[in-house]
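Chains as they are written, first to last, in the numbering used here: chain A, 1 to 197; chain B, 1001 to 1098.
Single-structure report; data block below.
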Amino acid sequence: MSHTEAAAMEVHSATGLSSRKILMWTFIGSECMLFGSLITTYLVYRGKSVVGPYPEDLLNIPFITVTTFVLLMSSLMMVLALAAVQRGDMKWGKVWLFMTAFLGMVFLGGQVFEFTHFVHEGLTLKTNLFGGTFFLLTGTHGAHVAVGVIWLLSLFLLAQRGRLTQANAETVEIAGLYWHFVDVVWIVLFTLIYLLV
Amino acid sequence: MSNGPEHAHPSTRTYVLVAAILAVITAVEVAVFYLEALDPVLVPVLLTLSAAKFTMVVGLFMHLKFDARLFRALFIGPLFVAIAVMMAMFLMYGVFRG
Chain A
1 MSHTEAAAME VHSATGLSSR KILMWTFIGS ECMLFGSLIT TYLVYRGKSV VGPYPEDLLN
61 IPFITVTTFV LLMSSLMMVL ALAAVQRGDM KWGKVWLFMT AFLGMVFLGG QVFEFTHFVH
121 EGLTLKTNLF GGTFFLLTGT HGAHVAVGVI WLLSLFLLAQ RGRLTQANAE TVEIAGLYWH
181 FVDVVWIVLF TLIYLLV
Chain B
1001 MSNGPEHAHP STRTYVLVAA ILAVITAVEV AVFYLEALDP VLVPVLLTLS AAKFTMVVGL
1061 FMHLKFDARL FRALFIGPLF VAIAVMMAMF LMYGVFRG
């Protein structure tokens, strides 16, 4: 993408702020309410399952701590990617973008492993209230991570083809806002689901 | 209406430091979870540590601390609405009674 095209994309609102950033922050605000409702449902039904398996039978804290660490580090990779693109260092911008997506995929792999293990242990969406609310909440988060990974890989491919440059730093910043929000949601879920069993 | 100035973003060193602090807080959270002596204060301690991590990521990684006030309003407003609705539901369903 040329500098002229990139400049044309930076539409500013009457506030003088980027319309795309306003849109992304508004979206993130709405996501707060979406996850708020799912977290509420999980906590309201917590401890009310009448048949097992129960959370304390299944949740593996050491394993999920590792995947949590992976997602936290992906946020570091994301800010490093943005900083590199903003200073025009596309070589490192591409490295950090790919690393962010890769760590996101590692997190998703961990979630697939966890879900598969739970299903083998007899927990499905229909088994009990824990199963229904747990899979809905963490599955919704996982779907957000998957969207983020696809978004980041798309940016990486654009950068590989020379269509993502310093002039498009805001495009990377907006993807970063989404990615960090996904991380922030997991920070809350890690505490509420896994540590406050 | 002024939306406030946008300040320079943190340096790479600051980002790495923040990530290290986040990792340490996560380790402390897990340690607190396993320490039976801390069971009576488990909930407030874990919620405080989680809130600290939340604030650091939103403020520093998402640059909300440095960005325009309008972005802060767009995030914090719905966040407070979500928390208020959660608290109302918890009271209604007796979550705080255990």
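C-beta: ideal position from N, C-alpha, C; glycine also.
Just so it is clear, the structure is predicted and the values come from calculations on it, not from any experiment.
ask   = Which residues of chain B have a Cβ atom closer than 8 angstroms to the Cβ of L22/A, listed in chain order?
value = What you label residue 22/A is simply residue 22 of the first sequence in a count that begins at 1. The amino acid at residue 22/A is misidentified as Leu; the sequence shows Ile. In chain order: L1070, F1071, L1074.
inquiry  = Measuring alpha carbon to alpha carbon, tell me which residue in P1040/B, F1061/B, V1030/B is nearest A1019/B.
reply    = Within the second sequence, residue 1019/B is the residue found at index 19, counting from 1. Comparing Cα positions, the closest option is F1061/B.
task = List the residues of chain B that F69/A touches, going by C-beta distances under 7 angstroms, in chain order.
result = Start at 1 with the first residue of the first sequence, and residue 69/A comes out as number 69. Correct list: A1023, T1026.
ask   = For F1096/B and chain A, any beta-carbon pair shorter than 8 angstroms?
value = Residue 1096/B sits at position 96 when you count from the first residue of the second sequence. Any Cβ of chain A closer than 8 angstroms to the Cβ of F1096/B would place that residue at the interface, and such an atom is absent.
query = Nearest to H120/A by CA position, among P53/A, L23/A, I22/A, is which residue?
reply = Here residue 120/A refers to the residue found at position 120 when the first sequence is read from its first residue. A check of alpha carbon separations from H120/A across P53/A, L23/A, I22/A identifies P53/A as the nearest.
query = With C-beta atoms as the reference, is F107/A less than 8 angstroms away from L71/A?
reply = The residue you call residue 107/A lines up with position 107 of the first sequence. The residue you call residue 71/A lines up with position 71 of the first sequence. Yes, these two residues count as a Cβ contact at 8 angstroms.
inquiry  = Could you compute how far the alpha carbon of A83/A sits from the alpha carbon of L125/A?
reply    = The residue labelled residue 83/A in the question sits at position 83 within the first sequence. The residue labelled residue 125/A in the question sits at position 125 within the first sequence. So the two alpha carbons sit approximately 41 angstroms from each other.
query = At a Cβ threshold of 8 angstroms, is T1048/B touching chain A?
reply = Here the question's residue 1048/B lines up with position 48 in the second sequence. Output row for T1048/B: interface = no.
task = Quick one: grab the DSSP three-state call for H12/A.
result = Here the question's residue 12/A lines up with position 12 in the first sequence. In the structure shown, H12/A sits in a strand (DSSP, three-state: E or B).
inquiry  = What does the Cβ neighbour count give for K1053/B, buried or exposed, with the cut at 16 atoms within 10 Å?
reply    = Working through the second sequence from its first residue, we reach residue 1053/B at position 53. Buried is the call here.
query = For L192/A, which three-state DSSP category applies?
reply = Start at 1 with the first residue of the first sequence, and residue 192/A comes out as number 192. In the structure shown, the three-state DSSP call for L192/A is helix.
query = Residues of chain B with CB under 8 angstroms from T26/A, in chain order?
reply = As a first step, residue 26/A is located in the first sequence; it is residue number 26 there, counting from the start. Result: L1074.
ask   = Pick from P1010/B, L1070/B, S1011/B: whose alpha carbon is nearest that of T26/A?
value = Here residue 26/A refers to the residue found at position 26 when the first sequence is read from its first residue. That would be L1070/B, whose Cα lies nearest to the Cα of T26/A.
ask   = Got a sec, what are the start and stop residues for the alpha helix (DSSP H) D1039/B sits in?
value = Here residue 1039/B corresponds to residue number 39 of the second sequence, with the count starting at 1. Where D1039/B is concerned, there is no enclosing alpha helix (DSSP H), given that its DSSP letter is neither H nor E.
task = Could you list which residues in chain A have their beta carbon closer than 7 angstroms to that of A1082/B, in chain order?
result = For the purposes of this step, residue 1082/B is taken as residue 82 along the second sequence, with counting starting at 1. Those are C32, M33, G36, listed as they occur along chain A.
query = Relative to the C-alpha of T49/A, which residue among F134/A, M24/A, T138/A is closest?
reply = The residue labelled residue 49/A in the question sits at position 49 within the first sequence. Correcting the residue identity first, residue 49/A is Ser in this sequence and not Thr. Taking only the C-alpha atoms, the option nearest S49/A is F134/A.
Contact with chain A by G1100/B, beta-carbon distance below 8 angstroms = Here chain B covers residues 1001 to 1098 and nothing more, so residue 1100/B does not appear.
request  = Quick one: give me the first and last residue of the alpha helix (DSSP H) that V159/A is part of.
outcome  = Reading the first sequence from its first residue, position 159 is the one you call residue 159/A. This sequence places Ala at residue 159/A; Val is not what is there. DSSP places A159/A in the uninterrupted alpha helix (DSSP H) bounded by 129-160.
query = Hey, would you say L59/A sits closer than 8 angstroms to V197/A, going by beta carbons?
reply = The residue given as residue 59/A occupies position 59 in the first sequence. The residue given as residue 197/A occupies position 197 in the first sequence. With respect to V197/A, L59/A sits close: the two C-beta atoms are nearer than 8 angstroms.
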